[in-house]
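Written out below as structure tokens is the structure these notes cover.
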Amino acid sequence: MMEFTNLTMQLQSANWGWSIAFFLWFIGLSGMGMFLNGWVREKALVYLCAIASILGTLLVVSHLARLTNLPVAAFYALTSGSFNFGSWMMIGMVLLTLQCCATVFYALSLAGVFKSCEDFVLSNFFNHITMALGVIVTIYSGFLLTQAVGVTLWNTALIPLLWIMSGMASAISSIELMMVSGKIPAHKVLWSRRTALWTEAAELFTIFAFVHVALSSSSAAARVGAESLIDGPYSMMFWLGVILFGSIVPLSINLITRKHVALAISAVLGLAGALMLRASVLFAGYYEPILF
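Numbering (the numbering used here), first residue to last: 9 to 300.
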């Protein structure tokens, strides 16, 4: 086993820490929440997705640069002809902006601000657009990590799939919390238990596939990153936060009971587990050593 101190953590240079973890969490919740809203179509869920989308967009923009400086820098790049329209970051910002605008427009229409647009946002046409956009944004948030140069733990197609599974679990947890609190009628989400069971099981399988692929990788940084999750500095967060309380306990509760108190606990643990998953994957990122 290679010593963790022999490699450079991305946290020491790129500083992709809790702010990015929350960004990924909010975007996954908003994206997959809007996907499930295609069946639910309740204002409480739309409001939550709009808030999550706004917070996620603000977090990533604030991480890229100071909010007061970014518009000036973008304007200068446009006028000087140096703006890279084909960059993944640019594509991501466009997708995040579209997601943010769509969810906010949806929420304001249901709130009566754009009263004449209420029938439009409830139409199948608009909901299919927001469903597709939600899935695309969630996939992009995972794909963004796979493009990180040098952090080989992240260079796998399993991360976008993992973000989809985790985002779906977060959205279902939010729906069940709203159902328990009376914000969403129970008859509209009778499918939530069965869907939650399959989603949690698929998420657990994807997590273990992700770790197994990293452990068997030819990259030293990928192996060390996986080892840091299994038996290293982030093992507590991974095993307790992600696996036990974030996945196994909610899965067990859904199998055993449908009591509202138990469902609420399961939902909160599921949401926390999704955040811990993103944080642990980020923190476990190590740069591949340069050999001369």
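Note that CB positions come from ideal geometry on N, CA and C, so glycine has one too.
Buried or exposed: where does N262 fall if 16 or more other Cβ atoms within 10 Å of its Cβ makes it buried?
Here the question's residue 262 lines up with position 254 in the sequence shown. Label assigned to N262: buried.
Do L15 and Y242 have their C-beta atoms closer together than 8 Å?
Mapped onto the sequence shown, residue 15 falls at position 7. Mapped onto the sequence shown, residue 242 falls at position 234. Cβ distance not < 8 Å, so L15 and Y242 don't count as in contact.
Can you tell me the Cα-Cα spacing of A280 and A177, whole angstroms?
Residue 280 sits at position 272 when you count from the first residue of the sequence shown. Residue 177 sits at position 169 when you count from the first residue of the sequence shown. Approximately 11 Å, taken between the alpha carbons.
To which residues of the same chain is G100 closer than 7 Å at the C-beta, ignoring the five residues directly before and after it?
Your numbering for residue 100 matches position 92 in the sequence shown. Closer than 7 Å at the Cβ level, and outside the excluded window around G100, lie Y148 and L152.
What's the call for A194, buried or exposed, on a 16-neighbour Cβ count within 10 Å?
On the sequence shown, residue 194 is found 186 positions in, with the first residue counted as 1. Under a 10 Å Cβ-count criterion, A194 is classified as exposed, with fewer than 16 other Cβ atoms of the shown protein chains found around its own Cβ.
On the premise that L161 lies in contact with A234, defined as a C-beta separation below 8 Å, what is that separation, rounded to the nearest angstrom?
The sequence position of residue 234 within the sequence shown is 226, counting from 1. The sequence position of residue 161 within the sequence shown is 153, counting from 1. The pair is a contact, with the Cβ atoms about 7 Å apart (cut-off 8 Å).
List the residues that DSSP assigns as beta-bridge partners of Y55.
One-based indexing of the sequence shown puts residue 55 at position 47. None, per the DSSP bridge assignment.
Please report the distance separating the alpha-carbon of F128 from that of F113.
As a first step, residue 128 is located in the sequence shown; it is residue number 120 there, counting from the start. As a first step, residue 113 is located in the sequence shown; it is residue number 105 there, counting from the start. Straight-line Cα distance between these residues: approximately 11 Å.
Only counting the same chain, and skipping five residues up and downstream in sequence, which positions put a Cβ closer than 7 Å to that of L166?
As a working note, residue 166 is residue 158 in the sequence shown. Same-chain partners within the cutoff: T214, A217, F218 and V221.
Cβ shell of F31 (< 6 Å), same chain only, five flanking positions each side left out
Taking the sequence shown and counting its residues from 1, the one referred to as residue 31 is at position 23. If we look at F31 and ignore the five residues flanking it on each side, its Cβ neighbours are G64, L67 and V68.
Hey, K51 and L104: beta-carbon distance below 8 Å or not?
Here residue 51 is taken as the residue at index 43 of the sequence shown, counted from 1. Here residue 104 is taken as the residue at index 96 of the sequence shown, counted from 1. For K51 and L104, no; Cβs fall outside 8 Å.
Are the segment 224-238 and the segment 187-202 in contact at 8 Å, needing three or more beta carbon pairs?
The segment 224-238 vs the segment 187-202: no contact.
Among S70, S27, V257 and L283, the one whose alpha carbon lies nearest that of L271:
Numbered from its first residue, the sequence shown carries residue 271 at position 263. Considering only alpha carbons, the answer is V257.
To the nearest angstrom, how far is the alpha carbon of S181 from that of R266?
What you label residue 181 is simply residue 173 of the sequence shown in a count that begins at 1. What you label residue 266 is simply residue 258 of the sequence shown in a count that begins at 1. Taken atom to atom, the span from the alpha-carbon of S181 to that of R266 is near 13 Å.
Does at least one heavy atom of the ligand FAD sit under 7 Å from the Cβ of S61?
Looking at this structure, you won't find the ligand FAD or any other ligand, since it has none at all.
Ignoring anything shorter than 4 residues or poking outside the segment 185-230, list the alpha helix (DSSP H) runs there in chain order.
Counting whole runs of 4 or more residues, the segment 185-230 contains the alpha helix (DSSP H) stretches 200-223.
So which of K123, R202 and C108 has the shortest CA-CA distance to I264?
Along the sequence shown, one-based indexing puts residue 264 at 256. With distances taken between CA atoms, I264 lies nearest to R202 out of K123, R202 and C108.
In this structure, how does DSSP classify Y294 when only helix, strand and coil are distinguished?
Taking the first residue of the sequence shown as position 1, residue 294 is located at position 286. It is a strand residue.
Ends of the alpha helix (DSSP H) at P258?
As a first step, residue 258 is located in the sequence shown; it is residue number 250 there, counting from the start. V257 to I264 is the extent of the alpha helix (DSSP H) around P258.
Determine the contact status of F246 and L277, defining contact as a CB-CB distance below 8 Å.
Locating residue 246 in the sequence shown gives position 238, counting from the first residue. Locating residue 277 in the sequence shown gives position 269, counting from the first residue. No; because the gap between Cβ atoms is not below 8 Å, this pair is not in contact.
Just to confirm, are C108 and I59 a CB contact at a threshold of 8 Å?
As a working note, residue 108 is residue 100 in the sequence shown. As a working note, residue 59 is residue 51 in the sequence shown. Not a contact, by the Cβ cut-off of 8 Å.
In whole angstroms, what is the alpha-carbon distance linking M9 and A228?
Indexing the sequence shown from 1 puts residue 9 at position 1. Indexing the sequence shown from 1 puts residue 228 at position 220. Only weak support exists for where M9 lies, its pLDDT of 49 falling under 50; the value from the coordinates is given anyway. Between M9 and A228, the C-alpha separation is close to 10 Å.
In whole angstroms, what is the alpha-carbon distance linking S131 and G41?
Numbered from its first residue, the sequence shown carries residue 131 at position 123. Numbered from its first residue, the sequence shown carries residue 41 at position 33. Cα atoms of S131 and G41: separation of roughly 17 Å, rounded to the nearest angstrom.
In whole angstroms, give me the CA-to-CA distance for H268 and M97.
For the purposes of this step, residue 268 is identified with residue 260 of the sequence shown, where counting begins at 1. For the purposes of this step, residue 97 is identified with residue 89 of the sequence shown, where counting begins at 1. Rounded to the nearest angstrom, the two C-alpha atoms are 42 Å apart.
Please determine, among L37, G25, S224 and A156, the residue with the shortest C-alpha to C-alpha distance to A282.
Working through the sequence shown from its first residue, we reach residue 282 at position 274. Nearest option by C-alpha distance: L37.
What residues are listed by DSSP as bridge partners for M312?
This structure leaves residue 312 out entirely; the chain is present only between 9 and 300.
Using a 10 Å radius around the Cβ and a threshold of 16 neighbouring Cβ atoms, would you call W33 buried or exposed?
To locate residue 33, count along the sequence shown from 1; it is residue 25. Per the 10 Å Cβ criterion, buried.
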